[in-house]
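S.K.: Take this structure, written in structure tokens, and hold onto it; I'll ask about it next.
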Amino acid sequence: MLMQDGGDLRTPKRFAIVALMLLLCSLSTSILQPVHAVESPYEPVEICDYVDQLEFNGTLANESVHWQTSLGPRVPGTNASETFRNSVEENLTLWNVSMHEYTVDDLTFTNVEAVLEPDGADNDTPRIVLVAHYDTRNVAERDSDENRTNEPIVGANDGASGAAALLELARIIPPMELEYEVELLFTDAEDQNYTPHRFFGAEKWAEEQTQHDINRTAAFIVLDMIGDADLQLTHIWPGNGALWSTIPPLAEALGMVENQTDCNGGMGVKIFDQNTSIGVFDDHVPALNIGIRAIDLIDIRFGPGAQAFGGYWHTHEDTPDKVSAESLETVGRMVELGLRSGAWLATNISVVEQIEPVNTSEEEVEETETIESQSYPVLMLMAALSIGTLLLFMAFLGWNIRKKS
Ligand SMILES: [Zn+2]
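Here is the structure:
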């Protein structure tokens, strides 16, 4: 059929222009996505091959929890804080340990970085960063004794447990002779009572990363509050979906997932529940904000039957008797299995969709730990919308110019 007028002839071209613009919009949105740009095909890892090699010793980690709490609260600027740092430097003789001191506002704090490179490492050697805050909270705002809410806590779980796990990993990693670099990052000033809340140590670390550092970082994994004798791990958001997708297979292999058979043929128990998702802002957020694949392994339901952000959290009940060697070993071995199997190297991470929150309930989402980082998804959305609007405007202009010509 013949076209009745030129207008009809141009319609497909208009559609083409609009389609092109929409494509550009969606591209601009995906470029802005925080999810790391590593999009390699899934290469299954034979995780069970490594289970018999696991060496993480929960008893040793628990001894560190007792030692750290015996120092007293590790609030930035205290002798206890300095003693902890000196101990890391003295004991991690096979690691390249460095101190990084900063002052922000009136707060001076120090991150400790311990790096182990493989033989023949170069600028492009992939890196995995394992992170824990070693400071403890300077107040106990949730304590039932109102006379003691202004006193700092000893932080057996919230502080010592993650640091203890890193120290035990520091002992067992060198003989593994991994093909990639591991950095143990002990952050300071994660848990200080400032308004708005800030992750001082993790923010400073993120500020110092070059684009090259960011590009070669395959994973940034935070361990926080992992020693609760009543261990209940869940999916935590925000967090990188591809990196999260590596956790259920590791947990299943070690019998941490209910009704899933572990590598030894045993039936798993409910320790890691991937169908529950809890919102927690922690040291992983500054890394996510600069485009690093980051997740937070945390049990924010501290104590038997505790609700999220309830129980012993931020009280003077956060003491070593609430922490168990068994829980430390469970999480420590899961991390060790991830390291040994190379599960977190870019080539092994499956690009699957984010684990969707299933059981998230209102009271499980805590707003107090929010902050500027909360504006991050909003900023991303606004940036994408702005670019989209600009492109549509350009399309509109082009359309009008064509009309006039
Ligand atoms: Zn805390």
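Just so we're aligned, residue 0 is where the sequence shown starts under numbering that gives the first Met the number 0, counting upward by one. By construction, the Cβ of each residue, glycine as well, lies at the ideal position given by its N, Cα and C atoms.
(1) Leaving out five residues on either side along the sequence, give the residues of the same chain with a beta carbon under 6 Å from the beta carbon of Pro-303.
(2) Whose beta carbon lies closer than 6 Å to any heavy atom of ligand 1, going through the chain in order?
(3) Rounded to whole angstroms, what is the Cα-Cα separation between Asp-190 and Trp-204?
(4) Mapping the DSSP letters down to three states, classify Ser-276 as helix, strand or coil.
(5) In chain order, which continuous runs of the alpha helix (DSSP H) of length 4 or greater are located wholly inside the region 182-249?
(6) According to DSSP, is Glu-180 helix, strand or coil?
(7) Using DSSP bridges, identify the partner residues of Val-128.
(8) What is the rounded straight-line gap between the Cα of Val-153 and the Cα of His-315?
(9) How about Leu-70 and Ala-79: are their beta carbons less than 8 Å apart?
(10) Under the assumption that Ala-188 contacts Phe-108 (Cβ atoms under 8 Å), give the Cβ distance between them as a whole number of angstroms.
(11) Quick one: is Met-266 buried, meaning 16 or more other Cβ sit within 10 Å of its Cβ, or exposed?
(12) I'd like to know whether the C-beta atoms of Ser-326 and Met-224 end up nearer to each other than 8 Å.
(13) Would you check if the region 91-107 and the region 212-223 touch, i.e. whether three or more CB-CB distances between them fall below 8 Å?
(14) Is the CB-CB distance between Asp-295 and Ile-246 below 8 Å?
(15) Please name the residue in Glu-62, Asn-258, Leu-183 and Thr-82 whose C-alpha comes closest to that of Ser-97.
(16) Taking the straight line between their C-alpha atoms, what separation do you get for Val-50 and Leu-168?
(17) Using the Cβ count rule (16 or more neighbours within 10 Å means buried), how would you classify Ser-276?
(18) Between Ile-127 and Val-74, how many whole angstroms is the CB-CB distance? I'm expecting something under 8 Å.
(19) What ranges does the beta strand (DSSP E) occupy inside the region 254-320, keeping only unbroken runs of at least 3 residues that lie completely in it?
(20) Does the distance from the C-beta atom of Asp-227 to that of Val-334 stay below 8 Å?
(21) Which of helix, strand or coil does DSSP assign to Glu-140?
(22) Check this for me: beta carbons of Val-130 and Asp-282, under 8 Å apart or not?
(23) Quick one: grab the DSSP three-state call for Leu-168.
(24) What span of residues does the beta strand (DSSP E) with Val-103 cover, start to end?
(25) Around the Cβ of Arg-147, are there at least 16 other Cβ atoms within 10 angstroms (buried) or fewer (exposed)?
(26) Distance, Cα to Cα, Ala-162 vs Gly-264?
(27) How big is the Cα-Cα spacing for Asp-118 and Ser-340?
(28) Tell me the rounded alpha-carbon separation between Glu-150 and Asp-144.
(29) According to the neighbour-count rule (16 or more other Cβ atoms, all chains shown, within 10 Å of its Cβ), is Pro-174 buried or exposed?
(30) Below 8 Å on the Cβ atoms is my guess for Ala-324 versus Thr-58; work out the distance and round it to an integer in Å.
(31) Take Gln-231 and list the residues in its own chain whose beta-carbon comes closer than 6 Å to its own, dropping the five residues that flank it on each side.
(32) Under DSSP, the beta strand (DSSP E) around Phe-108 begins and ends at which residues?
(33) Does DSSP classify Val-322 as helix, strand or coil?
(34) Quick one: does the C-beta of Glu-167 sit closer than 7 Å to a heavy atom of ligand 2?
M.R.: Considering the structure as presented:
(1) Asp-229
(2) Arg-136, Asp-157, Asp-190 and His-313
(3) 16 Å
(4) strand
(5) 199-206, 210-214 and 240-243
(6) DSSP places Glu-180 in strand when its eight states are reduced to three.
(7) Glu-182 and Phe-219.
(8) 7 Å
(9) yes
(10) Going by Cβ atoms, the distance from Ala-188 to Phe-108 rounds to 4 Å, so yes, they are a contact pair.
(11) exposed
(12) Contact annotation: Ser-326 and Met-224 have beta-carbon atoms that are not nearer than 8 Å.
(13) no
(14) No; because the gap between Cβ atoms is not below 8 Å, this pair is not in contact.
(15) Among Glu-62, Asn-258, Leu-183 and Thr-82, the Cα nearest to that of Ser-97 is on Leu-183.
(16) 16 Å
(17) buried
(18) No, Ile-127 and Val-74 are not in contact; Cβ-Cβ is about 29 Å, not under 8 Å.
(19) List check, beta strand (DSSP E) in window: 271-278 and 293-297.
(20) no
(21) coil
(22) yes
(23) helix
(24) 95-103
(25) With fewer than 16 neighbouring CB atoms inside 10 Å of its own CB, Arg-147 falls in the exposed class.
(26) 32 Å
(27) 19 Å
(28) 11 Å
(29) exposed
(30) 5 Å
(31) For Gln-231, same chain residues with a beta-carbon under 6 Å away, outside a window of 5 residues either side, are Asp-298 and Arg-300 in chain order.
(32) 106-115
(33) Val-322: strand per DSSP, three-state reduction.
(34) Absence of ligand 2 is noted for the structure shown, with ligand 1 being the only ligands found.
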